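Number of protein chains: 2
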Amino acid sequence: MDTHTSQDAFSPNTASTRLHRALRVRMCEGDFSPGDVISIRRVAAEYGTSAMPAREAIRWLVTEGALVFSDSRKIIVPELSRERFHEVLFARKSLETQVSRQAFTHITTDDIDELRRIDTEIDEAIEQSDLLGYMRGNYRFHFHIYRRSHSRVLLPIVESLWLQYGPSMRYICTRWGASTIADDYHREVTQALSRGDIEAFCHAIAADIEQGMQLLHQVE
Amino acid sequence: MDTHTSQDAFSPNTASTRLHRALRVRMCEGDFSPGDVISIRRVAAEYGTSAMPAREAIRWLVTEGALVFSDSRKIIVPELSRERFHEVLFARKSLETQVSRQAFTHITTDDIDELRRIDTEIDEAIEQSDLLGYMRGNYRFHFHIYRRSHSRVLLPIVESLWLQYGPSMRYICTRWGASTIADDYHREVTQALSRGDIEAFCHAIAADIEQGMQLLHQVE
DNA sequence: CCGCTGTTAATGTGATCACACATGTGTGAT
DNA sequence: ATCACACATGTGTGATCACATTAACAGCGG
Numbered sequence: 001m002d003t004h005t006s007q008d009a010f011s012p013n014t015a016s017t018r019l020h021r022a023l024r025v026r027m028c029e030g031d032f033s034p035g036d037v038i039s040i041r042r043v044a045a046e047y048g049t050s051a052m053p054a055r056e057a058i059r060w061l062v063t064e065g066a067l068v069f070s071d072s073r074k075i076i077v078p079e080l081s082r083e084r085f086h087e088v089l090f091a092r093k094s095l096e097t098q099v100s101r102q103a104f105t106h107i108t109t110d111d112i113d114e115l116r117r118i119d120t121e122i123d124e125a126i127e128q129s130d131l132l133g134y135m136r137g138n139y140r141f142h143f144h145i146y147r148r149s150h151s152r153v154l155l156p157i158v159e160s161l162w163l164q165y166g167p168s169m170r171y172i173c174t175r176w177g178a179s180t181i182a183d184d185y186h187r188e189v190t191q192a193l194s195r196g197d198i199e200a201f202c203h204a205i206a207a208d209i210e211q212g213m214q215l216l217h218q219v220e
Numbered sequence: 001m002d003t004h005t006s007q008d009a010f011s012p013n014t015a016s017t018r019l020h021r022a023l024r025v026r027m028c029e030g031d032f033s034p035g036d037v038i039s040i041r042r043v044a045a046e047y048g049t050s051a052m053p054a055r056e057a058i059r060w061l062v063t064e065g066a067l068v069f070s071d072s073r074k075i076i077v078p079e080l081s082r083e084r085f086h087e088v089l090f091a092r093k094s095l096e097t098q099v100s101r102q103a104f105t106h107i108t109t110d111d112i113d114e115l116r117r118i119d120t121e122i123d124e125a126i127e128q129s130d131l132l133g134y135m136r137g138n139y140r141f142h143f144h145i146y147r148r149s150h151s152r153v154l155l156p157i158v159e160s161l162w163l164q165y166g167p168s169m170r171y172i173c174t175r176w177g178a179s180t181i182a183d184d185y186h187r188e189v190t191q192a193l194s195r196g197d198i199e200a201f202c203h204a205i206a207a208d209i210e211q212g213m214q215l216l217h218q219v220e
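If you read the sequences in order, they're chains A and B. All residue numbers for the first sequence refer to UniProt numbering, where the first residue is 1 and numbers rise by one. All residue numbers for the second sequence refer to UniProt numbering, where the first residue is 1 and numbers rise by one.
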């Protein structure tokens with residue numbers, strides 16, 4: 001029905017697609033803030049390529065809604081209205097618990113170990129007030145789980161949600177400090193996985209996202 | 001939640017966007033068949049531009065799922081499986097009746113006149129076995145209605161459905177003759193509009209799409 | 001000190017070229 | 001006659017350049 005549910009897009013391994021994926025991850029991890037200007041040449045220079053791949057990657061993100069044209073054809077990271085941010089979080093709660101449920105049976109003990117490792121990295125980042133480190137860890141924690149769902153339909157949709165969510169989340173955290181998001185539910189997630197308790201697991205995921213919604217109310 | 005519901009994409013009036021829109025319409029009107037190879041240089045030559053705008057327009061359509069990469073990086077019009085085609089028609093029935101309902105109050109007598117005019121063009125096309133003329137008329141008939149809905153959310157989704165639907169519809173019609181689709185419900189649509197009967201109007205729209213589903217069963 | 005203005009830097013867009021690869025075709029050897 | 005190899009063609013990709021537009025900023029006049 002939309003670009004995500006369309007047949008699996010065979011993506012050739014080109015510089016453009018690599019750059020696109022890289023920028024996608026960076027946006028989810030909160031490397032950018034709303035209003036940031038994304039320049040073709042600057043991105044190209046950052047990744048050591050010519051302007052062409054950067055151009056295509058950026059235009060791709062524009063068609064995905066992850067970036068938008070400003071008034072004067074500059075390309076910027078869009079700002080999420082409070083209402084829209086809430087919508088995204090609501091959709092996240094619904095879809096990501098569903099994805100987690102699908103992923104549950106595929107999660108191995110190795111995965112759990114990896115999740116714990118990521119979680120300790122997150123704790124270190126919080127301790128050092130390293131906001132970007134926290135957001136990067138948070139992204140990797142969640143998507144290490146979600147990728148186990150093997151869903152070619154829901155996963156891209158969830159990714160597109162994070163694409164919109166990342167920059168605004170970073171903005172909020174920089175304004176209000178990472179302390180507000182220190183109490184996540186990652187430990188509950190890993191503990192539920194260790195016990196093999198799927199309901200507690202999904203509940204912890206939902207709680208982790210819900211915590212973001214409470215943060216939103218706390219801010220306004 | 002997806003690219004369509006993202007904030008209104010401000011599209012600068014560039015050659016790329018013009019080309020993109022043009023190709024979009026042509027796909028909805030059935031100018032292309034599944035499996036057709038869409039070449040950057042050929043499109044550029046057709047529209048008298050350089051390769052760059054064609055390149056961006058085509059890549060745009062690829063990200064929309066309207067075009068796909070073939071095995072060897074050639075860009076082709078995708079083929080819709082029977083199952084998928086049925087899914088699209090089912091979604092069309094649901095969404096387009098909804099869009100029509102929203103459009104109803106905004107349709108003026110001038111619009112009805114225009115719809116009748118398009119319908120006579122369609123009849124002429126059918127009489128001359130002009131398949132492309134029929135499909136072009138059919139597209140314009142439906143979207144003249146849908147555009148009156150002023151929906152920035154549903155309308156792009158419906159367009160993306162037609163984007164997938166167009167080529168396969170053309171393929172089916174060329175194989176089985178335009179005679180199979182001669183009995184549309186356009187007259188019922190305009191008559192219901194004249195009477196101001198919204199229920200009959202929505203019912204006629206649904207019937208028109210349903211007729212396409214019956215065609216599908218007839219074919220297989 | 002404020003406001004206007006001309007300049008400068010940076011941006012996206014479009015055009016053109018080189019390259020690697022795939023495909024089809026024709027030609028030559030067997 | 002058939003098969004294999006080379007060549008020609010067309011493809012997307014990446015690089016580079018020119019151009020118009022725009023934002024920022026320094027400099028000048030009030």
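Each residue gets a CB set at the ideal place from its N, CA and C atoms; glycine is no exception. Since the structure is predicted, the reported quantities are computational estimates derived from the model, not experimental observations.
For B:Ile145, the uninterrupted alpha helix (DSSP H) segment begins and ends at Leu131 to Tyr146. With a cut-off of 8 Å on Cβ pairs, the region 60-76 of chain A is not in contact with the region 113-127 of chain A, counting fewer than three such pairs.
Proximity of B:Phe85 to chain A, defined by a Cβ-Cβ separation below 8 Å, is not satisfied.
At least one CB atom of chain A sits nearer than 8 Å to the CB of B:Thr63. Annotation for A:Lys93: the continuous alpha helix (DSSP H) segment containing it runs Arg82 to Phe104. With respect to the 8 Å criterion, A:Phe141 and A:Phe201 are not classified as neighbours on the basis of their beta carbons. Its Cα nearest to that of B:Tyr139, the residue B:Ile205 stands out among B:Gln98, B:Ile205, B:Asn13 and B:Ala45. DSSP, reduced to helix, strand and coil, places A:Val158 within a helical segment of the structure shown.
Counting C-beta atoms within 10 angstroms of its own C-beta, B:Val88 has 16 or more neighbours from the protein chains shown and is therefore classed as buried. Under a criterion of Cβ atoms nearer than 8 Å, the residues of chain A adjacent to B:Pro12 are, in order, Phe69 and Arg73. If you look at A:Ser16, you'll find it in the alpha helix (DSSP H) that goes Ala15 to Cys28. Beta-bridge pairing by DSSP links B:Ile75 to B:Phe69.
The criterion of a C-beta distance shorter than 8 Å is satisfied by B:Leu80 and B:Pro34. In terms of beta-carbon proximity, A:Arg59 lines the interface with chain B, with at least one pair separated by less than 8 Å. Listed as beta-bridge partners of B:Val37 by DSSP are B:Ile76.
In summary, A:Glu56 is buried, with 16 or more beta-carbon neighbours lying within 10 Å of its beta-carbon over all protein chains present.
Taking 8 Å as the cut-off, the beta carbon of B:Glu210 is found closer than this to the beta carbon of B:Lys93.
Taking 9 Å as the Cβ-Cβ cut-off, the region 35-57 of chain B approaches chain A at Arg55 and Glu56, given in chain order. Put simply, the backbone Cα of A:Val77 is about 29 Å away from that of B:Ile40. By the Cβ test, the region 156-163 of chain A is in contact with the region 21-35 of chain A, since at least three Cβ pairs between them sit closer than 8 Å. Here DSSP, grouped into helix, strand and coil, assigns B:Val189 to helix. B:Thr97 is the residue among B:Glu127, B:Thr97, B:Leu23 and B:Asp111 whose C-alpha sits nearest the C-alpha of B:His203. Secondary structure note for B:Thr109: its alpha helix (DSSP H) is the uninterrupted segment Thr109 to Glu127. Boundaries of the alpha helix (DSSP H) harbouring B:Pro53: Ala51 to Glu64, taken from the DSSP string. Only residues of its own chain outside the window of five on either side were considered, and among them Ala44 have a CB closer than 7 Å to the CB of A:Ser50, listed in chain order. Note on A:Thr14: under 16 other CB atoms within 10 angstroms of its CB, so exposed under the neighbour-count rule. Between A:Ile107 and A:Arg148, the C-beta spacing is below 8 Å. By the 16-neighbour rule on beta-carbons within 10 angstroms, B:Ser72 is exposed. Taking all protein chains shown into account, B:Pro53 has 16 or more neighbouring C-beta atoms within 10 Å of its C-beta and is therefore buried.
With at least 16 other beta carbons inside 10 angstroms of its own, B:Ser168 counts as buried.
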